[in-house]
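Under the working numbering, the first residue of the sequence shown is numbered 122, with each subsequent residue one higher.
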Amino acid sequence: MTAAPGRADRVFITGASSGIGAALAREYAARGATLGLLARRRELLAELLASLPNPERHRIYAVDVLERDAVAAAAADFIAANGGADIVIAGAGISHGTLTERPADLPVFDAVFATNVGATVATFAPFIATMKAQAGPRRLVGIGSVAGIRGMRGAGAYCASKAAVHSYCESLRLELRASGIKVVTIAPGYIDTPMTRNNRFPMPFLMPAERFAAQAAAVIARGSSYRVLPWQMGVVAKLLRLLPNALFDLAFSRAPTKQRAGEKRERT
């Protein structure tokens, strides 16, 4: 990983208590980074911290990403403690099946958008002014999804929210281009995490979270604007983009659906 001479990267990660966020935390800690780890569940953050090399170097924040003032306070504390931030990863997210015709699912739509989209904005916002004033490589990283490329049956909230993350990060990339801050969008395919273990359908090219984290860190270091991981799902994503609506509808209108509210939900 590219870092400024004489010091390790300063990396702030939301959704850090499990899944992709925890895997990224372990990857960056192994690379010698100084971490700020934010998630709702203090006990899981404490367990993760204790498992990392040089735990005294890192800071944990037991904060819900929907509490914007608390997220901003955590960002300010991390910046003050470390003199800035080099990489900010908005990794918090929820995945849940939804059906528009079910009134009970309307609040779930709101929750999915608030967590997957609103919290991404709230994570980046308090860091931008400081990062603009810094030298060296600087990265804001949005975690999208292959699910954001085409809408899938029974997953309207999740697919739409991840499509919004992709578009938001693209807009932010243009806004910050002159500043030297790179905005990186990573779209995971199926990654082996507690969230995907709830899925009731086959998951092609399922990738271990640790392998994803290593490859994601390399993408972030390069400052790539957009990358699907694993690469095989990137090929699938390109094909899905090109598939005419009539063929897409024929192929996926009877696909299995994600679990709905009341069945099970995971949030980091």
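Note that CB positions come from ideal geometry on N, CA and C, so glycine has one too.
Looking at the backbone, the Cα of H179 and that of S138 are separated by about 14 Å. Burial state of M252 is buried, judged by a 10 Å Cβ sphere holding 16 or more other Cβ atoms. Within the DSSP bridge table, the entry for T236 names no partner. Short of 6 Å from the beta carbon of F133, and not among the five residues preceding or following it, lie these beta carbons of its own chain, in chain order: G157, F199, A206, V209. Going by beta carbons, P247 and A211 fall outside the 8 Å limit. Spatial neighbours of M328 in its own chain (CB-CB distance under 6 Å, excluding positions within 5 residues in sequence) are listed in chain order as I312, P351.
If you compare the alpha carbons of A129, L165, G269, L166 with that of A151, the shortest gap goes to A129. The beta carbon of C290 is closer than 6 Å to those of G263, V304, T306 in its chain, skipping five residues each way along the sequence. The alpha-carbon separation between G265 and T236 amounts to approximately 12 Å. Counting every other CB atom within 10 Å of its CB across the protein chains shown gives S282 a total of 16 or more, marking it as buried. For A154 and D370, the gap between their C-alpha atoms comes out near 45 Å.
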